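Chains L and B are the protein sequences, given in the same order. Number 457 in the numbering used here belongs to position 328 of the first sequence; there are no gaps in the numbering. Number 101 in the numbering used here belongs to position 85 of the second sequence; there are no gaps in the numbering. Ideal placement from N, C-alpha and C gives every residue a C-beta, glycine not left out. The model shown is predicted, which means the values in this text are computed figures rather than measured ones.
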Amino acid sequence: MNKNLRVKSSEYIDETNRISFKFNGKTYHGFKGDTLASALLANDVHLVGRSFKYHRPRGIMTSGSEEPNAIVQIDPGTNRTEPNVRATEVEIYEGLEASSQNCWPSVEFDIGGINNFLSPFFPAGFYYKTFMWPASFWEKYEFFIRHSAGLGKSPTSSDPDIYDHRNIHCDVLVVGAGISGILAAKNAAKNNFKTLLVDEKNELGGSTVYENNEFNKINNKIPSEWLKKEIEELKNIKNLEIKTRTSVAAYHQYNYLLARENLTDHLEAKDKTNKIRQRLLKIRAKKVILATGALERPLIFNNNDRPGIMLSSAIKKYSEFYGVACGSKNVFFTNNDSAYESALSLYNKGINVEAIVDIRDQSESKIVKKVKEAGIKIYWSHSIVDTTGYKRLNSISIMKLSNDGTSVTGSKISILCDCLGVAGGWTPAVHLYTQSGSKLKFDEEKQIFLPNQNTSEQISVGSCGGDFRIDEILKNLNQKLKDTLNINETDLDSIKVEIDQENSKRNIWLLPSDKPLGKTKPFVDYQNDATAKDIKLALREGFRSIEHVKRYTTTGMGTDQGKLGNMHALGIIADTAGVKMGELGTTTFRPPYTPLTFGTIVGRNVGKFFDIFRRTPMNDWHVENKAEFENVGQWKRAWYYPINGETMHQAVQRESKAARESAGILDASTLGKIDIQGSDASEFLNRVYTNAWSKLAIGKCRYGLMLNEDGMVYDDGVTTRLGENHYLMTTTTGGAANVLGKLEDYLQTEWPELDVYLTSVTDHYATASLCGPNSKKIIKKIIPDLDLSDESFPHMSFKEAKIGNIQCRIMRISFTGELSYEINVQASYGKDLWKKCIEAGKEFNITPYGTETMHLLRAEKGFIIVGQDTDGTMTPIDLQMDWIVSKKKYDFIGKRSLYRSDTMKEDRKQLVGLLTEDPNVILEEGAQIVSELNKSPVEMLGHVTSSYFSPNLNKSIALAVVRGGKDMMGKQLFVPMENKNINVTVANPVFYDEKNERLNA
Amino acid sequence: MFLINCPYCGERDQQEFKAGGEAHIERPKQPTELSDDEWAEYLFMRKNIKGIQFERWNHSHGCRKWFNMVRDTSNDEIKAIYKMGEKPPAQ
Ligand SMILES: [Zn+2]
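This is the structure:
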């Protein structure tokens, strides 16, 4: 171990900048520019993880975001730790620590590895079939499954980093900065399109910057040299913004894309602080150019997953870009020419290439000839039938492939090797393309899915569009750019390309072994351990739809979404079922393309910015006076005001008594307030409320109930007639926005002929509600010249007044059943008003009370709270509020529904009062109500909606909805609880002052 | 995320809007004259089409105006947008 495999100096690796990092507790060294994967490979470390089901040792397979195996936990044990990170994407920094996932106790000795030897018992759907029964055993299974299977660990303390969101609007977005993306962005920007170019890597250029095949030339230069000059020129182009380390996670409709820009992940800890770590870019682009490239396909053969088996293209990148040899005895296994480029790349650096195993019978391209000249042995028409080596590949066995490709013949040849590069051709990276809703078509000749039907202004260029040869790429790119940007000439018109590349490829989705399939392990999905065997089993068991096979075998269900093996899975299904690939369709690729952190998704919307708070103008006073608060919608409302260490119950009992015996004060500013004006305002109210409004005199108030068109109670509140054509409507605190929306909807769509204007004034006024027998005296002290006599200012009326110079509106209305006044002032005077009331009320022991006491007091009176005693299924009749439903009005919202056969049924749930046999027992809100105990099945008659201990009645009271409850007065029912049954009696819901005498006390 | 061309404000992001169900369902002028079935037809029955659908939308975080949209629900293409009270475009 710790052998140095750094073979060549690379311009992308800074060998003067040595970096030490830890992997699984052991210290290694790499250089600035390395990824965790390249640095580990340079140290000859291939074994980096265990597979999910069988816990087979797995090694680094790729050099990019498609990596299925090298999934690591970064900086474990810190508050910055992140699971499920691909080692191929982590840029190393001083002090980096990483560890393997999915192994316990360690990657070298993993107890779950025993699953591998038990694998005959782990077929497709194993988890579904086995752990389902007996159900009581689940807890035992769970312990082992959770312990030995793992997807990493979440941090246990809060994230120290800052995340950000940014909106970007551009003319052209180019995704991917390989040769196609660079040329597309350059030409778009030069033609005055505001252009954004993004790439997930830290360097521009894609695979072409290390493309040193001497037989390909662009303008007489090898492609890498030519492209580096193009990249250099990008700096001088206006209208072009370039973002590296930025991966597009999602491509939604209407060219709306989400990308994650990574800003500090590559920095060492001390440089990360107080910087934005990641930024979510919300991009709306007029045109999108996808240049996402292609992913190399593996080949599916027996034991194709051992550490040391990698994609051929990855071996080339590690060699050319990072200057790292992945092995010292290399073999390639291919069905096309691209493995020969990788082999030559190693050979040119003096690294041993033992052989190339090619399933084709020949290829005549120059590069193949060159490999032959180099003396590298080529086995034509051969296939790998097995591999050996548990934690690292040490040999392969090959046999002659039959002409039809379904079997192997002849004698077995064994080749010793520590690294195998597999090359199965290329799959266009169409993931983002399909996310946008655009449709693919299968190309039988190339055996790939290609973009076919675009749903937005977009093009796919380069290899993601199906062009793999550099001459085709540039020719088609040129035409596509002209068409989509509507331009006549581009830089590409004058480019000369020379190329020598053989296109021939022999596609066999599942390569045969000398053993029967049942005795082999040809992995299709490396991360989820799905083999070709599992897929065939699923088909035998009757699964046909690709989506079903995927879920049953878990193929493509890992964090990598099966980027490597999905095509093979489809191919094997098609071959087995005897259908064409094109008819089978493909699975859906879903965002995100690569995993996103929660931090990126939420951005700055954390802590106190998580949701909006609304506070009343009196809020400071409540805080100073130690109120406890409750959330009502977005509002923070004073809940109760404990003094001298009172419990909530004690505080509420005290507040409730004080409000009835002398004076209480409530901050009612949160109630929704809608200013209604216009010559048809009265008619409008007639149509939206159940009761009649035309005859309400100016200066009078009326309670109204609003229904939905289905007849169910929607909202309630008191509305005051301020003038001939002017009303002030109040709504529930939580319902204000919806009520306004509903009223606007009717005005705009059903009754546009009405002359009515609605304005939300909830935030414009602060409201102090004074109640209790002494409330009149307090008002008198504040506004001495106001006539408060019952004749001049009766219940349900309104007066304008002045407190000093401050204009106020006073409504004599009551939600507690006590004599009560609501004073409204401009919001900015709210706190002053409140303090004045408290000051003036001192001699009457004025007691501030919160929402809990308000709820208790109104429950004593049997007043409903919409949303607590109703749930969208209660009509006014169900609530025993027939009195408020006008019989005379021809129509109002919901009227017709009150006469539907269903709403007229006698046995609907109806609102009643409940009294417990033992007056000290308080029912639980939500508790079920039954008429008979010990009956099976239990007949649930209804449930408790509000329940309190009333200090004024000295007994517990409750409101409930009970099936047929209206006709059950005095009947005994039961509330079964966990440990006891509570006997209750149905009662009138008005428990206190049934004759309303206290309103004028 | 759609880009919706509000007839009063112009192109805005979908998050400023609220969908309001099927369009062109007029509230009966004389509900009390209707049978239970006829009223239920108005109250409950809504189409849920795969393909061209007529919908109501509200620019709730903008001008708060309601308008109509013709949308192909199979690919979310917005075919047309027109004001309340205007006739739907010919098919
Ligand atoms: Zn608008």
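Asked: Can you find a C-beta in chain B that's less than 7 angstroms from the C-beta of S1131/L?; Found: What is shown of chain L runs 130 to 1130, which leaves residue 1131/L out entirely.
Asked: Does DSSP classify M1097/L as helix, strand or coil?; Found: helix
Asked: Sort G996/L, L699/L, T729/L and Y769/L by Cα distance to Y978/L and report the nearest one.; Found: Y769/L
Asked: Just by C-beta distance, which residues in the region 864-883 of chain L are closer than 8 angstroms to chain B?; Found: G870, E873, D874, Q877, T878, E879 and P881
Asked: Can you determine whether any heavy atom of ligand 1 sits closer than 6 angstroms to the C-beta of Y24/B, and answer yes or no?; Found: yes
Asked: With a threshold of 7 angstroms between beta-carbons, can D844/L be considered close to chain B, or not?; Found: no
Asked: Using the C-alpha atoms, what's the distance from G732/L back to K498/L?; Found: 55 angstroms
Asked: Give the C-beta separation of F450/L and Y339/L to the nearest angstrom, bearing in mind that I take them to be a contact with Cβ-Cβ under 8 angstroms.; Found: 5 angstroms
Asked: Based on Cα-Cα distance, which residue from D1036/L, K692/L, I148/L and V708/L lies nearest to L440/L?; Found: K692/L
Asked: Can you tell me whether M130/L is helix, strand or coil according to DSSP?; Found: Caution applies to M130/L, whose pLDDT of 39 falls short of 50 and renders its modelled position unreliable; the value that the coordinates give is listed next. Coil at M130/L, not helix or strand.
Asked: Under 8 angstroms, with one C-beta from each stretch per pair, do the region 633-650 of chain L and the region 485-503 of chain L reach the 3-pair mark?; Found: yes
Asked: Give a yes or no on whether the minimum CB-CB distance between M130/L and chain B is below 7 angstroms.; Found: Since pLDDT at M130/L reaches only 39, below the 50 mark, its modelled position is unreliable, and the value read off the structure follows with that caveat. With 7 angstroms as the cut-off, M130/L does not count as an interface residue toward chain B.
Asked: Give every residue of the same chain whose Cβ lies closer than 8 angstroms to the Cβ of K151/L, excluding the five residues on either side of it in the sequence, and list them in chain order.; Found: Y157, L225, E226 and A227
Asked: According to a CB-to-CB cut-off of less than 7 angstroms, which residues of the region 43-57 of chain B neighbour chain L?; Found: R43, P47, T48, L50, D52 and W55
Asked: Name the one or two DSSP bridge partners that L419/L has.; Found: V304/L and S589/L
Asked: Can you give me, in chain order, the residues of the region 77-89 of chain B that have a beta carbon less than 8 angstroms from any beta carbon in chain L?; Found: R80, K81 and W82
Asked: Specify the secondary structure class of F727/L as computed by DSSP and reduced to three states.; Found: helix
Asked: Am I right that N213/L and D288/L are in contact with their C-beta atoms under 8 angstroms? What's the rounded C-beta distance?; Found: About 16 angstroms; that fails the 8 angstroms criterion.
Asked: Determine the burial state of Q230/L: buried for a count of at least 16 other Cβ atoms within 10 Å of its Cβ, exposed for fewer.; Found: buried
Asked: What three-state label does DSSP hand T324/L in the structure shown?; Found: strand
Asked: Pairs of beta-carbons, one from the region 1036-1044 of chain L and one from the region 1073-1092 of chain L, closer than 8 angstroms: are there three or more?; Found: yes
Asked: Run the CB neighbour count on H893/L, radius 10 Å, all protein chains shown included, and call it buried at 16 or more, exposed below.; Found: exposed
Asked: Would you list, in chain order, the members of the region 1002-1024 of chain L that have their beta-carbon closer than 8 angstroms to a beta-carbon of chain B?; Found: Y1019, D1020 and K1024
Asked: Specify, as a first and last residue, the run of the alpha helix (DSSP H) that V97/L falls within.; Found: The requested residue 97/L does not occur in the structure, where chain L is confined to residues 130 to 1130.
Asked: Rounded to whole angstroms, what's the CA-CA distance from K45/B to L883/L? Just pull it up for me.; Found: 15 angstroms
Asked: Considering only their Cβ atoms, is the gap separating E211/L from A164/L smaller than 7 angstroms?; Found: As written in the sequence, residue 164/L is Thr, which differs from the Ala given in the question. No, these two residues do not count as a Cβ contact at 7 angstroms.
Asked: Between the region 1051-1066 of chain L and the region 87-101 of chain B, can you find at least three pairs of beta-carbon atoms closer than 8 angstroms?; Found: no
Asked: Could you spell out the range, first to last residue, of the beta strand (DSSP E) harbouring L1040/L?; Found: K1038 to T1045
Asked: For a contact defined as C-beta to C-beta under 9 angstroms, what are the partners of T584/L on chain B?; Found: N91, D92 and E93
Asked: Consider the Cβ of M17/B: report whether some Cβ of chain L lies at a distance smaller than 7 angstroms.; Found: yes
Asked: Below 7 angstroms on C-beta distance, what does G101/B contact in chain L?; Found: P881
Asked: Which whole-angstrom value describes the C-beta separation of K960/L and D749/L, a residue pair presumed to lie in contact below a C-beta threshold of 8 angstroms?; Found: 6 angstroms
Asked: To the nearest whole angstrom, what separates the beta carbons of P47/B and R1025/L, a pair I think is in contact under 8 angstroms?; Found: 4 angstroms
Asked: Taking G504/L as the reference, which of S510/L, H984/L and Y469/L has the closest Cα?; Found: Y469/L
Asked: Round the Cβ separation of F992/L and Y818/L to the nearest angstrom and send it over; I've been treating them as touching at under 8 angstroms.; Found: At roughly 17 angstroms, the Cβ-Cβ gap does not stay under 8 angstroms, so F992/L and Y818/L are not in contact.
Asked: Could you tell me whether the Cβ atoms of A35/B and W73/B are closer together than 7 angstroms?; Found: yes
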